[in-house]
Every structure is written in structure tokens, then in C-alpha cells.
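Inspection log for the structure reproduced underneath, given as C-alpha cells.
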Amino acid sequence: MAARLMQGNEACVEGALAAGCRFFAGYPITPSSEIAELLSRRLPQVGGSFIQMEDEIASIAAVIGASVGGVKAMTATSGPGFSLMQENIGYAAMAEIPCVIVNVQRTGPSTGLPTKPAQGDVMQARWGTHGDHPIIVLSPSSVMETFLLTVRAFNLSEKYRSPVILLMDEVVGHMRERVELPPPESLEITNRVAAHVPPEWYFPFEDPSTDVPPLAPFGEGYRYHITGLFHDRAGFPTERVDEIDAWIARAFGRIEQHRQDIISWEEDFPAGSRVLVVAYGATARSARHAVKLARAKRYRVGFLKLETIWPFPEEITERLARQCRRVIVPEMNLGQLALEVERVVGRQKVRRVNLANGEMITPQQILAAIEEK
Amino acid sequence: MRRYEENRMYRYLRRHKKFPNVWCPGCGIGIVMGALIRAIDRLGWEKDDIAMVSGIGCSGRMPVYMDFNTMHTTHGRALAFATGLKMVKPKMHVIAIMGDGDALAIGGNHFIHAARRNIGITAIVINNSIYGMTGGQYSPTTPTGSLATTAPYGNIDQPFPICELAIAAGATFVARGTVYHAVELDRLIEKALVHEGFSVVEAVSYCHTTFGRINKLGTAVDMLRWQKENSVTREAAAKMTPEQLQGKIVRGIFHERELPEYTAAYAKIIEQAMAAQRKA
Amino acid sequence: MEMNDRYEIRLAGEGGQGLILAGLILAEAAAVYDGKNAVQTQSYGPEARGGASKAEVVISDGVIDYPKVIAADLLLCMSQEACSKYVYGMKKNGILIVDSVHVDRVPTSRAYMIPITKIAEEATGRRITANIVALGIIVGLTGVVSRKAIEAAVRARAPKGTEALNLKALEAGLAEAERIRAEAERGQSAPSRAS
Numbered sequence: 000m001a002a003r004l005m006q007g008n009e010a011c012v013e014g015a016l017a018a019g020c021r022f023f024a025g026y027p028i029t030p031s032s033e034i035a036e037l038l039s040r041r042l043p044q045v046g047g048s049f050i051q052m053e054d055e056i057a058s059i060a061a062v063i064g065a066s067v068g069g070v071k072a073m074t075a076t077s078g079p080g081f082s083l084m085q086e087n088i089g090y091a092a093m094a095e096i097p098c099v100i101v102n103v104q105r106t107g108p109s110t111g112l113p114t115k116p117a118q119g120d121v122m123q124a125r126w127g128t129h130g131d132h133p134i135i136v137l138s139p140s141s142v143m144e145t146f147l148l149t150v151r152a153f154n155l156s157e158k159y160r161s162p163v164i165l166l167m168d169e170v171v172g173h174m175r176e177r178v179e180l181p182p183p184e185s186l187e188i189t190n191r192v193a194a195h196v197p198p199e200w201y202f203p204f205e206d207p208s209t210d211v212p213p214l215a216p217f218g219e220g221y222r223y224h225i226t227g228l229f230h231d232r233a234g235f236p237t238e239r240v241d242e243i244d245a246w247i248a249r250a251f252g253r254i255e256q257h258r259q260d261i262i263s264w265e266e267d268f269p270a271g272s273r274v275l276v277v278a279y280g281a282t283a284r285s286a287r288h289a290v291k292l293a294r295a296k297r298y299r300v301g302f303l304k305l306e307t308i309w310p311f312p313e314e315i316t317e318r319l320a321r322q323c324r325r326v327i328v329p330e331m332n333l334g335q336l337a338l339e340v341e342r343v344v345g346r347q348k349v350r351r352v353n354l355a356n357g358e359m360i361t362p363q364q365i366l367a368a369i370e371e372k
Numbered sequence: 000m001r002r003y004e005e006n007r008m009y010r011y012l013r014r015h016k017k018f019p020n021v022w023c024p025g026c027g028i029g030i031v032m033g034a035l036i037r038a039i040d041r042l043g044w045e046k047d048d049i050a051m052v053s054g055i056g057c058s059g060r061m062p063v064y065m066d067f068n069t070m071h072t073t074h075g076r077a078l079a080f081a082t083g084l085k086m087v088k089p090k091m092h093v094i095a096i097m098g099d100g101d102a103l104a105i106g107g108n109h110f111i112h113a114a115r116r117n118i119g120i121t122a123i124v125i126n127n128s129i130y131g132m133t134g135g136q137y138s139p140t141t142p143t144g145s146l147a148t149t150a151p152y153g154n155i156d157q158p159f160p161i162c163e164l165a166i167a168a169g170a171t172f173v174a175r176g177t178v179y180h181a182v183e184l185d186r187l188i189e190k191a192l193v194h195e196g197f198s199v200v201e202a203v204s205y206c207h208t209t210f211g212r213i214n215k216l217g218t219a220v221d222m223l224r225w226q227k228e229n230s231v232t233r234e235a236a237a238k239m240t241p242e243q244l245q246g247k248i249v250r251g252i253f254h255e256r257e258l259p260e261y262t263a264a265y266a267k268i269i270e271q272a273m274a275a276q277r278k279a
Numbered sequence: 000m001e002m003n004d005r006y007e008i009r010l011a012g013e014g015g016q017g018l019i020l021a022g023l024i025l026a027e028a029a030a031v032y033d034g035k036n037a038v039q040t041q042s043y044g045p046e047a048r049g050g051a052s053k054a055e056v057v058i059s060d061g062v063i064d065y066p067k068v069i070a071a072d073l074l075l076c077m078s079q080e081a082c083s084k085y086v087y088g089m090k091k092n093g094i095l096i097v098d099s100v101h102v103d104r105v106p107t108s109r110a111y112m113i114p115i116t117k118i119a120e121e122a123t124g125r126r127i128t129a130n131i132v133a134l135g136i137i138v139g140l141t142g143v144v145s146r147k148a149i150e151a152a153v154r155a156r157a158p159k160g161t162e163a164l165n166l167k168a169l170e171a172g173l174a175e176a177e178r179i180r181a182e183a184e185r186g187q188s189a190p191s192r193a194s
């Protein structure tokens, strides 16, 4: 495909369509609105549907409803809307309904800085809904990556029957870059496994052959029950601890046991690196720039860009950090993913670089941290 | 046993799976469920083509007993979930079961917007004037002056008139029945189900366990009797003075009109957009 | 070293002046029509019209990591506020272009003070084309993208039916740059350059 100048939000739309998204429900909010605007035009062209709901609570609810109807579905929002969506994200986690939630982060809390970037929703993306629950969160750092990770978000969502959050930020969402999108036929697209047993044998929440049971769409002969209550294998409410424990083990297991498949990253780690910079999202751009500046000054610096941030990529972080004296974690927040890095590599080694005032962290700020000591 | 098996009710219930139900003995919700089943049975709809979506509360538990495609969602959000499902499965019969607090307090915004869109969903609001499951707190339909566990000095809120609200918001079929008049209720539900567009049936029920007890209204039977004695048909009401109508429940169809149904209108957009795309 | 060939452009002014569109066109000219790498970012307030607005474009033959301007090689100021705020965020020999219709206080002698909005009005009858006139001036003075590329990008991104109008604005900007260059070559102090 020809080179194009494309905005991050637009790349998200292209990725969603390429992945097979055919339903979008959303509510206007800066800096994510371009995603809704573009999909309102594009979805009906491919036989899909778009609806602007009355708020973000309704948007995520409609997305889950559409997914239960067998259609790949997505919503997009920013901080305040993401807060409103939390309860139903928990519903999707509990009922194991695939869906993609895009959060183009802006500076918070509250209304914050509507048109300025932040990475303040990292912990909310993991723990925003009440109760322990499995979740997958991806975070792109470029327009191209936004395209690829949107496709991946849908694939993981379908494969693991899980809500997947694409955690963008205002910089990446509004940034325009030169991209050459891969041809659609070169993309690997995953679809949810169809129910393959007769309806009377079908259990939507248990399949002896896999920890991700097939999900039958409503209206096609498999009449079953979906609920946000703890439920048995048929979907009916239960308070039996053996059934609850079984759900917890399987629901978390299906993510934990497939960490290798779910977690992706990019490393640039020359042998002998003494300092490691760990970054994600737009900040990864500043970090890579800083790493190049530092190497020009003969500092031995390695770079780890995380694409999956939840589940946290502990294995790779640990493996690279072990070889370094110091680990620098720049984030446009007051230290969120740094907590995970600290958990894995120990607090003493970690140097945080934080900014939460709506400005991007500059390469110079990260370089200064590399040059310390 | 034969009679048991032949009873048409049981064709629609997940009887081996989910009984007894969670409702208090004497609860009116079961009567609404029966009315709904009779209406569906008369229409002869396939169970596979029916989706039932509910929110949270006593009414929210109804779908679990019904042998349809059923979804018990979050508090207040049944219509929003149902909207997404209806958009991608426009041929399915989508029924939303809600309570008064569910539909009109936490879900009030979704209620008026589903009505405004005229999306082809049948909303059944089971109005028992109280939050029953959580123990009798006042709801948006608790009458002014009534007692509730959160209105120990009497409720000073005005109750929502559900049918008027639905009409003003744009619903194209609006009716009210009571659980005492069960046969009439299933006829109203039947009409609502076949209506093309957003249809609302307010099913006036009661909660003897909380509202009745706190307000000293007696047993379930007493509350049913009250419905019998204090409700009138729309036709009868037309001949009564405002004074005579004071405190009376008016039953019947209040509003019925034809407007394009939302998913049908959207299907046209898809058709246009796809045609333009083919040309381009 | 990739970073050294970054050319950083900052277009600053008010919402409604079309600066984000101008940035987009410049980036597209570089990325699509000249085959370079380009990144365009933006920053604006909540106001649809009148608030501060800024577009930044980084152009490079190599990979562009940090997507924003570190120190501008070229700064365009279409409002006094933008000029006062950003004039110190420039490279030592960066180029400063200000629209003298909107800016009268420039804290440096090394600025091109050009009545961009007036030129737009004269060329097209539409003040709103000042952003495209500015693009013509920028390209004419710096050659950061080719003339062919900027024309193609303007044609592609101008609202339908206004292509000719916008190309006329671009032409006026390029001509103004030509005039400034010619005068500079003659060794005269350009009249549009504050001394």
C-alpha cells in the first residue's frame, strides 16, 4: 500500500476495520472523537453499524450487547468516559465477552486537560473496575503501532474472550506520521471459536478441551444465560465456592498461562548495557531519542519498549534489568508502571522520570536521568 | 404429571435448572412473567429468536428462569445492552425487563434515549414503587408521603409518571396494566411485542415484603385487592372527574403511533453507504 | 546520526487560523510527495476559535523518535501571544517569520516581518487563506519540501472547490519569498525584514 500521512486515531480506525470490527458505540470526547467520526462514515460502508449513545456507560453496554450478538465491537473514549465505563468493563470480564475499549488518555483527574496528553490511566486500566479480574492492556507509541496493536487487541480479545484495552494517549492519537499499512491479506486475524457441539451439550463457561470456551452468538440456537453474577458452567448464578473457585482459576488462567502469546515488546539492548530505559506509549519516543543521544555520548544504555503493559511483562523486564545498574522509567504520570518495574527489579535500582502537567517528557529530561551518578 | 408437562408455561421455563425462584411468595413479578409467556405463546415466536435482557433488582432475575437468549446485565443498563444487541441482530425480538428504580433512576437516561431513538425493543417496567431487593428504599415511583427505609419521615419526592415520561421521550407504544388484571396485562404485552418501534408496558405490581410492610398495607392478597378496587380502564377514566381519578391507576394503551424504527432506518444507511462504496 | 537531520517547524497562532491544517499539509508534502519521514503534532486549547493553537512538524530523512519540536529551525507566529511565548524556543540561527498584521512586537532583529494576512487578502480576497500563503513563504525561504510536493499536498487537502483559490494563495506566498530572496541577494536590507 502507498505511503500515507495518517493520524493515530485514524490508524486505530483502520486497524479496527481490518481486524473485522463491525460495531462501534461511543460518546463524543476529546481527544478520541476522530475515531467515532471516522467509524460513523466507514462502518456502514462495510455493512457494520455505528451508534452514538447517550453516555459512555451506555456505549460500553451496547458494545457488549453487540458482541453477544456475535459481532466484533469497540468503543473509544478518554479519561472521564473511561471512568464511567468501569462497571461494565467488569461485566465483560465476568461474562467473558470479547470487546475492545480504546482510551486516548488525556491529563486528569476529573476534566483535567482535555486536549493534553497523559499516561495517568495505567493503573485504572488494570484495576479500574471493582473486584479481581483478568484484563489485557496494550499501549502503542506510533501511528503504525496503533494500527498493528488495534488489530492485535481484537485478536487477543477474540482468542481469550476478554475485554482488551488499547491505552493510547493524546500525542499518539493526534499525531500524524508517514505510514505504509500492510496489505489486509498479510494480517493475521483471529475470530472467536464457534460453538461446535449441539445446543443441549453446550456450556458457555466450560469446555473440557480448552480454558477459553466457545462463545455462541445469541439468536443461533444456543439459548443460554449471561450474568454479571458469579455463575456456573451454564451461566446460571451460583454461590457454591467450588464453582466460584473454578471460574476464578480458569478466568485468570486463560490469561496467565498465555502470557507469552499476549505480551509483546521491542528491545534494543546491546551487550554490556549498564542502564536500561523502560517506556511505553508516546513517552517511548522521547526515551528512544534520549537513548540515542546518550549512546552518542558513549553511555552504555539499553532500551525496552513495552507494547503489552498488562499483564505486566515481568520476564523481559527482569531479564534485561538484571544486567543493569539502573533502570529508568519515564511516564507522563506520577509513577504508575514504575511500581511494577520496582516490584520486579527492586526499588533501589529504579529511577522514575515523571511529568503530569500535560507536557510530553523531553529526550533531554530522560538523558539527564541517564547521565546521573 | 401429564398436565404438568402439557402446561404451556413450562415450554418457556428452564424448569429443570433454575427453580425455585428468588421472589418472595406472593410477589407480583411472577404474574408479569406469566403474562409475558402467554403473550409470546400466542404469537408463536421461536424461543431462539427472543432475547431477554434485564438489569439489577428483583425484576432483573426474571431472564434466568426463561428459556430464551437471556442476559442479566448491570443496574440500569438493560436498554443499553439491548440496544447493541438489537443493532447487530435486528430480526431478534429483544425484550428488556426492568424495575422502577432500575429503569427510571439509575437507568433513566437510557430509558428516555431508547424511547427517543424508537429502537425496536419492548421495555417492560415492573413498577412496585420501591427498591425491594435492597430492603425497601424509596424509588422514583414511590408515592409522595409514603414511607420507605430511606424515607422514615415520609417521601417528599414526586413519583415519575412512567407512561407520560415514555410518551414525551418518544416511545411509539405505551401501555399500563396491573398484575391483578393479569389477562388484560398479557394482551397489552402482546400488542407491545408486535409493535414496530420502542414499546413500553408499565406493569403495576407491588411489594408486600417491603413497601406493604413499612406502609402497613397488609398481605400480598390485600395489595392485589387494592389494585382491583383502585384501578380503572382508560375508557372508564375518560368519564370520571379529576377528583374521582385521584389515587386511581388508569389501565390501557395510552399511545400508539407509527414512526420509522431505528434499526430499519439504520439498515437504509448501510444500504446507501454500501451502494456508494460499490460505485466508488 | 539520525537526529541531526531533523528539521523542526513550529506554526503558532490562534484557533481558526488553519495552522493545524497547514502543519498537516506541510507534513504530507514531506511524507507522501517527497518521500521523507515527517511527524505532525498539535496542541490547542478547548476553544474551537480564538484560543492558542500550535502545530509542529518534524521532517527527517531518518527515523523520527521524539515527535515534537525541541528547538525550532523555523517558527511561524500568527499572533502576538504566540510570538512572545515561542520566540525563545528556537535554534540559534533558526528562521522566524511573523505575520506583521497580527504581531508588532518582536524581541529580535532577525525576523521576517511579513503582512501575511494582507497578502492573502490581496491574492485571494480571503483572509482565511493566510495559512496557505504562510506555507508558500516557508517553502520558498527554506526549501524544506519541494515546490511540487507542497502544490500536490495543497491540492489534495484543500476543501473541495477551493483548490484553485488555495493554490493561488500558495503562489502568492512563494512569490513573496522569491522577492525577499532577490532583495537579500542584491545586498539590500529587505524592507520586510526588521532591522
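Protein chains in written order, with numbering that gives the first Met the number 0: chain V, 0 to 372; chain D, 0 to 279; chain Z, 0 to 194.
All C-beta atoms, glycine included, are put in the ideal place defined by N, C-alpha and C.
Because the structure is a prediction, the values reported are computed rather than measured.
Assign Y43/Z to buried or exposed, taking buried as 16 or more other Cβ atoms, counted over all protein chains shown, within 10 Å of its Cβ.
Y43/Z should be labelled buried.
Are the C-beta atoms of E144/V and some chain D residue less than 8 Å apart?
For E144/V, the answer is no, since every Cβ of chain D falls outside 8 Å of its Cβ.
Which residue comes first and which comes last in the alpha helix (DSSP H) that contains C162/D?
Run containing C162/D: I161 to A168, per the alpha helix (DSSP H) assignment.
Could you give the residue range of the alpha helix (DSSP H) that holds P43/V?
Start and end: S32 to Q44.
Nearest chain V C-beta to G93/Z closer than 8 Å, yes or no?
No, because no Cβ of chain V sits closer than 8 Å to the Cβ of G93/Z.
Unbroken alpha helix (DSSP H) runs of length 4 or more, entirely within the region 71 to 141 of chain V: which are they?
The region 71 to 141 of chain V contains these whole alpha helix (DSSP H) runs: 78 to 94 and 121 to 126.
Continuous beta strand (DSSP E) stretch holding W264/V: start and end:
Segment W264 to D267, the beta strand (DSSP E) holding W264/V.
CB-CB length for S141/V against E176/V, believed under 8 Å:
Confirmed, Cβ separation roughly 6 Å.
Where T73/D sits in the DSSP three-state scheme
Of the three classes helix, strand and coil, the one that applies to T73/D here is coil, per DSSP.
With distances taken Cα to Cα, identify the nearest neighbour of G218/V among G75/D, M51/D, A104/D and T232/D.
Closest in alpha carbon position to G218/V, among G75/D, M51/D, A104/D and T232/D, is M51/D.
Which residues in chain V have a C-beta closer than 7 Å to the C-beta of A30/Z? List them in chain order.
Correct list: A2, L4 and R177.
Taking just the CA atoms, how far does V203/D sit from T218/D?
Cα-Cα distance, rounded: 16 Å.
Buried or exposed, going by whether 16 or more other CB atoms sit within 10 Å of the CB of K227/D?
K227/D comes out exposed.
What is the DSSP secondary structure of N154/V, reduced to helix, strand or coil?
Here N154/V sits in helix by DSSP.
Using a Cβ-Cβ cutoff of 9 Å, what residues of the region 289 to 304 of chain V are near chain Z? List them in chain order.
Within the region 289 to 304 of chain V, the residues whose Cβ lies closer than 9 Å to some Cβ of chain Z are A289, V290, K291, L292 and A295, listed in chain order.
Counting contacts by CB-CB distance shorter than 8 Å, is D98/Z in contact with chain V?
No, because no Cβ of chain V sits closer than 8 Å to the Cβ of D98/Z.
Pairs of beta-carbons, one from the region 61 to 73 of chain D and one from the region 24 to 37 of chain V, closer than 8 Å: are there three or more?
No, the region 61 to 73 of chain D does not touch the region 24 to 37 of chain V.
To the nearest angstrom, how far is it from the Cα of D66/D to the Cα of K190/D?
Going by the C-alpha atoms only, they are around 21 Å apart.
What in chain V is Cβ-close to N208/Z, meaning under 9 Å?
This structure gives no information on residue 208/Z, because the portion of chain Z shown stretches from 0 to 194.
Which first and last residues belong to the alpha helix (DSSP H) in which R115/D is found?
For R115/D, the enclosing alpha helix (DSSP H) covers residues G107 to R116.
Answer with yes or no whether the minimum CB distance from T114/V to chain Z is below 8 Å.
It does: the Cβ of T114/V has a partner Cβ on chain Z nearer than 8 Å.
Along chain Z, in chain order, which residues have C-beta atoms closer than 7 Å to that of R284/V?
The contacting residues are D64, Y65 and P66.
CB contact check: T361/V to chain Z, cutoff 8 Å:
Closer than 8 Å to some Cβ of chain Z, the Cβ of T361/V qualifies, so yes.
Does the region 52 to 67 of chain V touch the region 79 to 86 of chain D, meaning 3 or more C-beta pairs lie closer than 8 Å?
Because the criterion of three Cβ pairs below 8 Å is met, the region 79 to 86 of chain D and the region 52 to 67 of chain V touch.
So F202/V contacts chain D; which residues on that side make the cut at Cβ distance below 8 Å?
Under the 8 Å cutoff, chain D gives no residues; its nearest Cβ is about 12 Å from F202/V.
How many Å lie between M52/V and I269/D at the Cα?
Distance between the alpha carbons of M52/V and I269/D: 18 Å.
Under 7 Å from any heavy atom of the ligand MG, does the C-beta of C323/V make it?
Among the ligands in the structure shown, none appear at all, so the ligand MG cannot be discussed.
Find out if the Cβ-Cβ distance for the pair A117/V, I164/V is shorter than 8 Å.
No, the Cβ-Cβ distance between A117/V and I164/V is not below 8 Å.
Using a Cβ-Cβ cutoff of less than 6 Å, which residues in the same chain neighbour V192/V once the five nearest sequence positions on both sides are dropped?
In chain order, P213 place their CB closer than 6 Å to the CB of V192/V, counting only its own chain and leaving out the 5 sequence neighbours on each side.
Close Cβ partners of R273/V (< 7 Å) along its chain, the five nearest in sequence each way excluded:
Close CB contacts of R273/V within its chain, under the 7 Å cut and outside five residues either way in sequence, are with R299, C323 and R324 (chain order).
Flag H173/V as yes if its beta-carbon sits less than 8 Å from any beta-carbon of chain Z, otherwise no.
Using a CB distance cut-off of 8 Å, H173/V counts as an interface residue toward chain Z.
Cβ distance (whole Å) where G75/D is taken to contact I105/D below 8 Å:
That belief holds up - the Cβ atoms of G75/D and I105/D are roughly 3 Å apart, short of 8 Å.
is_contact[R318/V, chain Z] using C-beta, thresh 8 Å:
R318/V does not count as touching chain Z.
From the DSSP output, read off the bridge partner residues of N353/V.
Per the DSSP secondary-structure output, N353/V pairs in a beta bridge with E330/V.
Short of 6 Å in beta carbon distance, which residues of its chain neighbour E339/V, apart from the five on each side in sequence? Order them along the chain.
Closer than 6 Å at the Cβ level, and outside the excluded window around E339/V, lie F311.
Please report the distance separating the alpha-carbon of A275/D from that of A337/V.
CA-to-CA, the gap between A275/D and A337/V works out to about 50 Å.
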